[in-house]
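Asks: Before I ask anything, here is the structure I am working with.
In this note's numbering, the protein residues as written are 6 to 261.
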């Protein structure tokens with residue numbers, strides 16, 4: 006008797022769902038309802054990504070805002086340290102991040118949606134350019150973004166003199182104040198001058214040490230919504246048409 010009542014209750018619940026909604030929604034249908042596409046990122050010096058309030062400014066934010074307008078989607082940026090961004094996106098079904106380097110050890114942990122650019126990786130320093138790994142190994146302290154491809158690369162080369170830091174502004178401040186000898190990072194297309202103790206510190210770049218392919222990615226369990234699929238396709242189209250180069254020229258990163 007109890008089993009019969011339970012069976013009747015299940016039938017009534019299903020009938021109610023059909024009555025109020027027309028049908029019982031599938032898990033995929035629920036996932037497709039997305040208000041905004043959320044992109045996690047941190048600042049990248051040199052005009053690529055800058056934080057202004059809750060908005061992103063620079064080459065990559067401009068690219069994504071343009072893609073959102075064309076694809077009729079809404080996007081929002083959430084700015085967190087890179088290590089946190091990578092971890093959150095890896096475990097999420099809907100968050101995106103950029104620009105993430107494609108490495109063998111990351112291949113199965115993310116969905117690689119759109120190739121964006123190729124980054125040149127260098128040592129930035131205050132005085133003497135650091136032009137080789139052997140030269141860098143003699144330094145007392147080298148800064149890297151925490152959890153970044155740069156940290157992974159140097160550790161794979163036997164470096165133990167690394168200081169991994171999560172926030173871009175902290176990395177800039179520590180290099181400018183002389184708390185580290187160098188910062189292993191993306192080569193700025195235009196060299197930066199940082200303020201330290203009221204004076205301007207000129208940063209010099211060494212030779213290119215490594216090149217990396219960087220992508221727009223979701224986590225390994227990322228589920229495309231209709232909006233994210235449109236958005237990703239437009240980003241791909243813009244990149245293929247050379248829009249990144251045009252935006253770099255706009256921000257005077259590249260000459261016109």
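The beta-carbon is built from N, C-alpha and C at its ideal position, and this holds for glycine as well.
Here's a check: name, in chain order, each residue in its chain whose Cβ is nearer than 8 Å to the Cβ of residue 248, leaving out the five neighbours to either side.
Replies: The answer, listed in chain order, is 68 and 71.
Asks: Do residue 179 and residue 187 come within 8 Å of each other at the CB atom, strictly closer than that value?
Replies: No, the Cβ-Cβ distance between residue 187 and residue 179 is not below 8 Å.
Asks: I'd like to confirm the pairing. Which residues does DSSP put opposite residue 84 in its beta bridges?
Replies: DSSP, once it has assigned bridges, lists 46 as partnering residue 84.
Asks: Give me the DSSP bridge partner(s) of residue 189.
Replies: For residue 189, which the question treats as bridged, DSSP gives the partners 128.
Asks: DSSP three-state call for residue 26: helix, strand or coil?
Replies: Note on residue 26: pLDDT 45, under 50, position unreliable in the model; the coordinate value appears next. In the structure shown, residue 26 sits in a helix (DSSP, three-state: H, G or I).
Asks: In terms of alpha-carbon separation, which member of 175, 53 and 245 lies closest to residue 103?
Replies: Among 175, 53 and 245, the Cα nearest to that of residue 103 belongs to 53.
Asks: Within 10 angstroms of the Cβ of residue 81, are there 16 or more other Cβ atoms? Answer buried if so, exposed if not.
Replies: Its Cβ having fewer than 16 others within 10 Å, residue 81 is exposed.
Asks: Where does residue 36 fall in DSSP's three states?
Replies: Because residue 36 sits at a pLDDT of 47, beneath the cut-off of 50, its placement in the model cannot be relied upon, and the following sentence gives the value as read from the coordinates. Residue state, collapsed to three classes: helix.
Asks: Run through the region 51-79 for me and flag every whole alpha helix (DSSP H) of 4 or more residues, listed as ranges in chain order.
Replies: Counting whole runs of 4 or more residues, the region 51-79 contains the alpha helix (DSSP H) stretches 64-76.
Asks: With 16 as the cutoff for other CB atoms within 10 Å, does residue 216 come out buried or exposed?
Replies: Exposed, since its Cβ has fewer than 16 Cβ neighbours within 10 Å.
Asks: Going by C-alpha distance, which of 156, 101 and 122 is nearest residue 116?
Replies: The candidate whose alpha carbon is nearest that of residue 116 is 101.
Asks: Within 10 Å of its beta-carbon, does residue 260 have 16 or more other beta-carbons around it, so buried, or fewer, so exposed?
Replies: Classification of residue 260: exposed, given that the 10 Å Cβ count is below 16.
Asks: Which whole-angstrom value describes the C-beta separation of residue 92 and residue 225, a residue pair presumed to lie in contact below a C-beta threshold of 8 Å?
Replies: Going by Cβ atoms, the distance from residue 92 to residue 225 rounds to 12 Å, so no, they are not a contact pair.
Asks: Who are the near neighbours of residue 79 in its chain, counting only those whose CB is closer than 6 Å to its CB and skipping five residues on each side?
Replies: Excluding positions up to five away in sequence, the list reads 41.
Asks: Can you check DSSP and say which residues form a bridge with residue 120?
Replies: In the DSSP output, where bridge partners are listed per residue, residue 120 has 220.
Asks: With a CB to CB cut of under 8 Å and the five nearest residues on each side skipped, what residues in its chain are close to residue 48?
Replies: Within the same chain, residue 48 has close Cβ partners 54, 55, 56, 84, 173 and 174.
Asks: What would DSSP say about residue 164, mapped onto helix, strand or coil?
Replies: Residue 164 falls in the coil class under three-state DSSP.
Asks: Do you know offhand how far residue 124's Cα is from residue 220's?
Replies: Approximately 11 Å between the Cα atoms of the pair.
Asks: Buried or exposed for residue 23, please, with buried defined as at least 16 other CB atoms from any protein chain shown within 10 angstroms of its CB.
Replies: For residue 23, the predicted model reports a pLDDT of 37, less than 50, meaning its position is unreliable; a value from the coordinates is still stated below. Exposed, by the Cβ-count rule.
Asks: Can you tell which of 222, 148 and 156 has the C-alpha that lies nearest to the C-alpha of residue 96?
Replies: Comparing Cα-Cα distances from residue 96 to each of 222, 148 and 156, the minimum goes to 222.
Asks: Using a Cβ-Cβ cut-off of 8 Å (strictly less than) and excluding sequence neighbours within five positions of residue 235, which residues of its own chain qualify?
Replies: Within the same chain, residue 235 has close Cβ partners 76, 77 and 78.
Asks: At a cut of 8 Å, does the region 59-67 reach the region 144-154 through at least three beta carbon pairs?
Replies: No, the region 59-67 does not touch the region 144-154.
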